[in-house]
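S.K.: In my numbering, the protein residues as written are 2 to 92.
To start, I am sharing the structure in question, which I have written as C-alpha cells.
Here it is as C-alpha cells:
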C-alpha cells in the first residue's frame, strides 16, 4: 500500500509540474502574441495615416488647374485655336 501511495504521489507531482510548465509556456506565448499585436496595430495606424496623405495628395494633383498648369509648363501644350479644331464626321 505504501508503494502505491508513493507512486501516486510522484505521478501527481509530475502532473502538477507539467501543468505549471504548460501554464508558463502559454503565458509566454500570450505575451509574445500581444506584443506582436501591438506592433501590427501601430503599423496599421501608420499605414492609415500614409493612405490618408496619399489620397489628399492625389486629390490635389487631380485638380483641373494643376493639370492644365503641368500640361502647359512641362509638356508645352496649349488650348487649340478654333481654326485648328477639325470635327470628323462618321461615314
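All C-beta atoms, glycine included, are put in the ideal place defined by N, C-alpha and C.
Can you list, in chain order, the stretches of the alpha helix (DSSP H) that have 4 or more residues and sit fully within the stretch 54 to 87?
M.R.: Segments of the alpha helix (DSSP H) lying fully in the stretch 54 to 87: 65 to 74.
S.K.: Rounded to the nearest angstrom, how far is the Cβ of residue 79 from that of residue 73, given a contact under 8 Å?
M.R.: For the purposes of this step, residue 79 is taken as the residue at position 78 of the chain shown. For the purposes of this step, residue 73 is taken as the residue at position 72 of the chain shown. At roughly 6 Å, the Cβ-Cβ gap stays under 8 Å, so residue 79 and residue 73 are in contact.
S.K.: How is residue 18 classed by DSSP in three states: helix, strand or coil?
M.R.: Here residue 18 refers to the residue found at position 17 of the chain shown. It is helical.
S.K.: So, with DSSP's three-state summary, where would you put residue 34?
M.R.: As a first step, residue 34 is located in the chain shown; it is residue number 33 there, counting from the start. Helix, per DSSP.
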